[in-house]
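Student:
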Amino acid sequence: MILHADLDSFYASVEQRDDPALRDRPVLVGGGVVLAASYEAKAFGVRTPMSLSQARMLCPRAVVVPPRMAAYSAASKAVFEVFRDITPVVEAISIDEAFLAVAGLRRISGTAEEIARRLRAEVRSRVGLPITVGVARTKFLAKVASGVGKPDGLLVVPPGAELDFLHPLPVEKLWGVGPKTAARLRERQVHTVGHVARIGEAALIAMLGAHAGRHLHALAHNRDPRRVTTGGRRGSIGAQCALGRGQRSPDEVEAVLAALVDRVTHRMRGAHRAGRTITLRLRFDDFQRVTRSRSLLKATMQTGMVLRTAVDLLREARPLIDRRGLTLVGVAVSNLDGEGAVQPELPFEPPRQEGLDAAVDRVRDRFGALSLRRADMLGREMHPSVPILPD
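If you use the numbering used here, the sequence shown corresponds to residues 530 to 920, in order.
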């Protein structure tokens with residue numbers, strides 16, 4: 530059996546824990562955009578990443594608090610300590626959720642359900658946060674169970690009863706089914722997971738393509754052979770910033786992109802990871818998203834190289850931005866190597882860019898991220914960097 534443990538409205542729960550006056554009240558964490566909403570606020574229809582003005586219209590009584598990323602990072606570390614006290618086999622998904630393998634603990638710790646109850650009690654008593662746990666024989670179904678069991682719940686899907694639990698759920702519960710895929714399925718009167726399961730694999734492939742068809746057919750029958758793994762390193766390092774709905778000049782967007790590249794490459798150098806593929810992420814006024822990518826001939830962790838490529842991608846996408854507006858920009862570097870080895874080029878010259886990057890990193894590590902800023906970001910504020918798992 531596998532546990533999927535997921536903290537409930539993580540940022541908002543930390544704020545309610547640390548300030549008793551916020552408990553049982555609708556809480557919004559964010560600035561121009563809602564980063565997290567308590568369940569009291571979600572009851573009014575507030576969702577992330579909704580603009581703060583829209584959220585206030587839906588929930589006028591909401592209390593807005595600025596994000597405290599250091600507090601969330603500390604809370605996450607405390608929760609993961611509880612996870613590792615329960616079992617050594619913990620696969621982190623993000624700072625507020627993880628899979629835990631407990632199959633080998635029955636003799637010393639009890640059944641999976643008993644372990645899950647103890648985990649919830651430990652997180653509540655040691656960290657002071659609510660957490661929902663789903664228990665099932667596959668990772669996919671354990672995650673679905675935790676989603677259905679929210680908030681602050683425990684849902685166990687017994688062996689042999691998996692399909693009875695899974696098939697009545699809406700198709701959106703299947704991993705990989707977003708709004709577009711759901712709409713295509715519903716056009717064909719496919720509304721539940723059970724409906725997907727009754728369609729043959731060949732028909733799903735014809736409808737959605739080879740990869741998606743096989744993937745959804747397997748999940749609809751609860752076929753998920755993945756095991757809980759530990760020690761994996763992330764496949765990409767990225768950052769993004771919500772811009773709101775106001776009009777932004779190309780220079781403003783490029784300034785924000787440059788600041789994001791600073792964050793990303795600083796993390797890359799801290800983790801000793803160089804990467805080859807730069808991906809630009811855009812979200813438009815209608816909240817549809819697109820990505821644009823380019824791969825370099827050799828891996829790099831230089832700020833200048835990543836920035837030049839990201840800006841080129843942004844400028845190529847400018848006609849699309851002008852037509853559809855822009856509410857979010859992000860950048861990520863993938864195809865990361867393991868040890869940050871960078872192939873030098875002939876002729877060998879003094880590594881000026883590496884020296885500049887190293888000097889900037891030392892200043893920021895010693896005096897804080899805001900101690901040294903790009904000139905084009907003076908007078909402009911960005912959301913603080915979201916906590917991420919150690920690489």
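For each residue, glycine too, the CB sits at the ideal point set by N, CA and C.
According to DSSP, is Ile660 helix, strand or coil?
Tutor: Note: Ile660 maps to strand in three-state DSSP.
Student: What residues are listed by DSSP as bridge partners for Ser765?
Tutor: Paired residue(s): Ser863.
Student: Within 10 angstroms of the Cβ of Phe816, are there 16 or more other Cβ atoms? Answer buried if so, exposed if not.
Tutor: Under this definition Phe816 is an exposed residue.
Student: Considering just the uninterrupted stretch of the beta strand (DSSP E) at Leu564, what are its terminal residues?
Tutor: Where Leu564 is concerned, the enclosing beta strand (DSSP E) stretches over 563 to 566.
Student: Identify the continuous alpha helix (DSSP H) that holds Thr838 and give its terminal residues.
Tutor: Thr838 -> alpha helix (DSSP H) spans 832 to 845.
Student: With the cut-off set at 9 Å, would you say Thr794 and Asp886 are in Cβ contact?
Tutor: Yes, Cβ-Cβ distance for Thr794 and Asp886 is below 9 Å.
Student: May I ask you to list the residues that DSSP assigns as paired with Cys770?
Tutor: For Cys770, which the question treats as bridged, DSSP gives the partners Val858.
Student: When you compare only the Cα positions, how much space is there between Leu857 and Ser582?
Tutor: Roughly 16 Å separates the two Cα atoms.
Student: So the candidates are Asp814, Ile807, Asp841, Glu845; which of them puts its Cα closest to the Cα of Lys827?
Tutor: Closest option to Lys827, Cα to Cα, is Ile807.
Student: Where does Leu698 fall in DSSP's three states?
Tutor: Here Leu698 sits in coil by DSSP.
Student: Under the rule that 16 or more other beta-carbon atoms within 10 Å means buried, what is Val819, buried or exposed?
Tutor: Val819 should be labelled exposed.
Student: Tell me whether Ile531 sits in a helix, a strand or coil according to DSSP, three-state version.
Tutor: Strand, per DSSP.
Student: Go ahead and label Met797 buried or exposed: buried means 16 or more other beta carbons lie within 10 angstroms of its beta carbon, across all protein chains shown.
Tutor: Looking at its Cβ environment, which holds 16 or more other Cβ atoms inside 10 Å, Met797 is buried.
Student: Give the DSSP bridge partners of Arg823, in chain order.
Tutor: In the DSSP output, where bridge partners are listed per residue, Arg823 has Ile807.
Student: Mind reading off the beta-carbon distance from Val556 to Ala599? Whole number of angstroms is fine, and I expect it under 8 Å.
Tutor: Actually they do not touch by this definition, with Cβ atoms about 18 Å apart.
Student: Looking at C-alpha atoms only, which residue of Ala846, Arg893, Ala732, Ala787 is the closest neighbour of Val860?
Tutor: For the residues Ala846, Arg893, Ala732, Ala787, the minimum Cα distance to Val860 belongs to Ala787.
Student: Let me confirm a value: Glu701 is counted as buried when at least 16 other C-beta atoms fall within 10 Å, else exposed. Which label applies?
Tutor: Exposed: under 16 other Cβ atoms inside 10 Å.
Student: Keeping to the same chain, check which residues put their C-beta closer than 7 Å to that of Val840; ignore five residues upstream and five downstream.
Tutor: So the qualifying residues of the chain are Glu783, Leu786.
Student: Go through its chain and collect everything with a Cβ distance to Val722's Cβ below 7 Å, but skip five positions before and after it.
Tutor: Around Val722: Leu695, His696, Leu698, Val700, Lys702, Leu703, Ala749.
Student: For Lys672 and Leu536, what's the separation of their Cα atoms in angstroms?
Tutor: Approximately 12 Å, taken between the alpha carbons.
Student: Where do the N-terminal and C-terminal ends of the beta strand (DSSP E) with Val685 fall, by residue?
Tutor: Val685 -> beta strand (DSSP E) spans 683 to 685.
Student: Cα-Cα, which of Ala726, Val563, Arg812, Ala741 is closest to Leu587?
Tutor: Comparing Cα-Cα distances from Leu587 to each of Ala726, Val563, Arg812, Ala741, the minimum goes to Val563.
Student: Can you tell me which residues form a DSSP beta bridge with Val593?
Tutor: Leu557.
Student: Is it the case that the Cβ atoms of Ala621 and Met530 are separated by a distance below 9 Å?
Tutor: Not closer than 9 Å, so no.
Student: To which residues does DSSP link Ser580 through a beta bridge?
Tutor: Paired residue(s): Val562.
Student: At 4 residues or longer, what runs of the alpha helix (DSSP H) sit wholly inside the stretch 580 to 654?
Tutor: If we require 4 residues or more, the alpha helix (DSSP H) runs fully inside the stretch 580 to 654 come out as 581 to 587, 598 to 615, 635 to 638.
Student: Do Ile615 and Ile644 have their CB atoms nearer than 9 Å?
Tutor: Yes, the pair counts as a contact, with Cβ atoms nearer than the cut-off.
Student: Does the stretch 656 to 666 come close enough to the stretch 677 to 693 to have 3 or more Cβ pairs within less than 8 Å?
Tutor: Cβ pair count under 8 Å is three or more, so yes.
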